[in-house]
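Peer 1: What follows is a single structure, and I will ask about it in a moment.
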């Protein structure tokens with residue numbers, strides 16, 4: 005079984021995760037000068053044969069000093085085989101091969117295990133966040149309908165978070181969510197525009213339409229950041245998983261989250277690009 009602990013270089017003494025293990029076969033010379041490898045090479049080679057020989061090795065190297073390390077991959081042993089009979093003449097010798105997998109966890113396996121660990125934490129956090137209220141909201145193309153639907157969902161969300169404030173007006177509830185000030189201000193402004201649109205002949209301007217889409221993205225991203233930032237912050241990940249190239253881990257997390265949110269909200273290409281930009285920001289800062 006491969007070991008999960010870090011490999012320690014015998015030369016520079018630094019610990020590391022092997023990038024990978026490369027196979028190397030032992031070469032054997034025959035009496036007529038031919039070079040053979042593997043089991044057949046050992047059998048056909050001339051000279052006195054030891055009772056045990058390494059046929060092949062796993063090779064890796066220290067990324068700090070480039071020292072090469074070898075581990076047994078396959079050995080062949082000459083072993084005595086005894087039949088049911090106790091007669092000495094029934095005892096024969098036979099070659100048996102023994103194969104060994106990677107002696108240590110390599111980089112790709114380590115990256116995979118860390119990614120699974122992070123995904124599990126993200127999934128738990130997203131369950132607590134409960135984004136079901138805002139699912140499929142991006143499918144609504146008409147901006148006025150989108151505005152009405154978003155604020156109806158926003159009020160449901162506020163009521164789920166502020167149990168003692170359900171009888172208060174929406175503007176009051178928005179202030180209690182403790183959102184970034186600029187986002188809070190936009191939501192309050194659009195709430196007034198929504199009320200005017202419902203109770204009068206007010207039509208949304210192009211500026212209003214832009215604000216609606218920006219407010220929806222801003223609000224959803226703000227909720228996501230609040231829950232996920234402690235888990236996927238790039239600097240924290242780099243400190244905790246120092247044996248990884250943090251860029252590899254961030255790439256895995258971004259792919260996972262982009263797919264998750266694209267499916268969750270059924271976003272279009274523009275929103276997908278905004279999600280990518282958002283993830284880039286919260287994972288690096």
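Numbering (my numbering), first residue to last: 5 to 289. The beta-carbon is built from N, C-alpha and C at its ideal position, and this holds for glycine as well.
Alpha carbon to alpha carbon, what distance is there between residue 125 and residue 172?
Peer 2: In a straight line, the C-alpha of residue 172 is about 35 Å away from that of residue 125.
Peer 1: On the three-state DSSP scale, how would you describe residue 27?
Peer 2: Correct three-state label for residue 27: strand.
Peer 1: Just the C-alpha distance for residue 15 and residue 71, rounded to the nearest angstrom, thanks.
Peer 2: When rounded, the distance between both Cα atoms is 7 Å.
Peer 1: Identify the residues that DSSP records as bridge partners of residue 83: which are they?
Peer 2: BP columns for residue 83 point to 98.
Peer 1: Under 8 Å by Cβ, that's how I've got residue 147 and residue 208 pegged, so tell me the actual separation to the nearest angstrom.
Peer 2: Contact holds; Cβ gap of about 6 Å.
Peer 1: Is the number of C-beta pairs between the segment 245-252 and the segment 135-144 that are closer than 8 Å three or more?
Peer 2: Cβ pair count under 8 Å is below three, so no.
Peer 1: Going by beta carbon distance, what residues of the same chain come within less than 7 Å of residue 242, once the five residues before and after it are set aside?
Peer 2: Cβ neighbours of residue 242 beyond the five flanking positions: 250.
Peer 1: Can you have a look at residue 177 and say buried or exposed, based on whether 16 or more other CB atoms are within 10 angstroms of its CB?
Peer 2: So residue 177 ends up on the buried side.
Peer 1: Once you ignore the five residues that flank residue 187 on each side, which residues in its own chain have a CB closer than 8 Å to its CB?
Peer 2: Within the same chain, residue 187 has close Cβ partners 219, 222, 223 and 226.
Peer 1: For residue 130, does the three-state DSSP call read helix, strand or coil?
Peer 2: The answer is helix: DSSP assigns residue 130 an H, G or I state.
Peer 1: Less than 9 Å separating the beta-carbons of residue 183 and residue 166?
Peer 2: Their beta carbons are not under 9 Å apart, which means residue 183 does not touch residue 166 by this criterion.
Peer 1: Indicate whether residue 27 and residue 11 have their beta-carbon atoms separated by less than 9 Å.
Peer 2: Against a cut-off of 9 Å, the Cβ pair of residue 11 and residue 27 comes out as no contact.
Peer 1: With H, G and I counted as helix, E and B as strand and the rest as coil, what does DSSP make of residue 181?
Peer 2: Coil.
Peer 1: So what's residue 137 in DSSP terms, helix, strand or just coil?
Peer 2: Helix at residue 137.
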